[in-house]
Amino acid sequence: MPRPSPAWSAIVLACLLAACTDKDAAPPESGALSGVLLVDSQLAEISGLAASRRHRDVLWLNDDGGNPARLFAISPKNGERLATVRLEGVTKTDWEDLAAFRLDGKDYLLIADTGDNGGLRRTLQLHVVEEPDKVENARIRPAWSIAFRWPDGARDCEAVAVDAPNRRILLISKKRQPPEMFSLPLQPSTRIVTATRLGTLHGVPVASAEETRRNARQARVLRQVTAADLSPDGQTLAVMTYRDLLLYHRGPQESWSEAIRHAPRLRELPWLPQAEALGWSADGRSLYATGEFIPAPMYRITP
């Protein structure tokens, strides 16, 4: 990707500062907002984000297809890259999301190789890696991988979350309206697993007639789901589109198929080009969000 011009960098920085400091511009219910600017050219195509469960003040990022099979560790305080971890023994097609979780006393990251913009992939992969002991450049192999297919034909998916206590993986389709949620078992399997459809997400905004009139193509894209993450307590599913942040709360004894039928809490995202990466902070009090561009703001949003 070509190096961004100084003018573009200045525009991005100005928008970041405006979004984070203009308190009067934000609706009262929007909560606190802060951010840093990502400028490292290695982070130009970020599509997934997860807060480390093992290391304090570390975020893990992945980039999408066309790049090596690798993860980045960065500081949430200044956006600086701390380490690059390369995955061995996997073929990368289109990595689109990243999730952190703890299972049986160990900390893991799940990498979702689920992108399928052309609707051509019959089998997709999820790779689970144990978080490294140290934040340093390294090479690792997956602890296990899961090959799966959809129950009724190809679809694009950029939003994946892990419900570790129930040992389930949640996946949300991108382009279909309303978006669909599917589930897979988290444990390893030697066979190709078929995802189970749980239902559709209620309350995802659709383009207005005026938005469609102004730019029909953009209107179709803006409300597509690009990322998701489950809060560390397992009760709130955050879902991101190119424009909005939606929060689905699961009540006691409630399944996710029931929870997504309720109206979510909804807020419009701050200015974020190509919003594709979203993850809860390790303490579950806020969310990090960034986009597939450099330079790009990385916001910390308190919902």
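Residue numbering for the sequence shown is 35 to 337, as defined by my numbering.
C-beta: ideal position from N, C-alpha, C; glycine also.
Here the structure is a predicted model, which means the values were calculated and not measured.
Three or more Cβ pairs closer than 8 Å define a contact, and the segment 272–279 meets that threshold against the segment 304–313.
Within its own chain, the residues whose Cβ lies closer than 7 Å to the Cβ of R88, once the five positions on either side in sequence are excluded, are D141 and E165, listed in chain order. Here F106 really is in contact with T118; their C-beta atoms are around 6 Å apart, less than 8 Å. In the DSSP assignment, L306 is bridged to no other residue. Under the DSSP assignment, V163 falls in the beta strand (DSSP E) whose first and last residues are L158 to E164. DSSP places R254 in the helix class (H, G or I) of the three-state scheme. I203 has its alpha-carbon roughly 10 Å from the corresponding atom of T230. Between L144 and V73, the C-beta gap is not smaller than 8 Å, which leaves the two residues out of contact.
Residue environment for Q258: buried (at least 16 other C-beta atoms within 10 angstroms of its C-beta). With 16 or more other Cβ atoms from the protein chains shown falling within 10 Å of its own Cβ, V194 counts as buried. Of the candidates V169, A177 and D128, the residue whose Cα lies closest to the Cα of T157 is D128. Annotation: the continuous alpha helix (DSSP H) that includes W290 extends over W290 to A293. Excluding residues up to 5 positions away in sequence, G325, E326 and F327 lie with their Cβ nearer than 7 Å to the Cβ of Q308 in the same chain.
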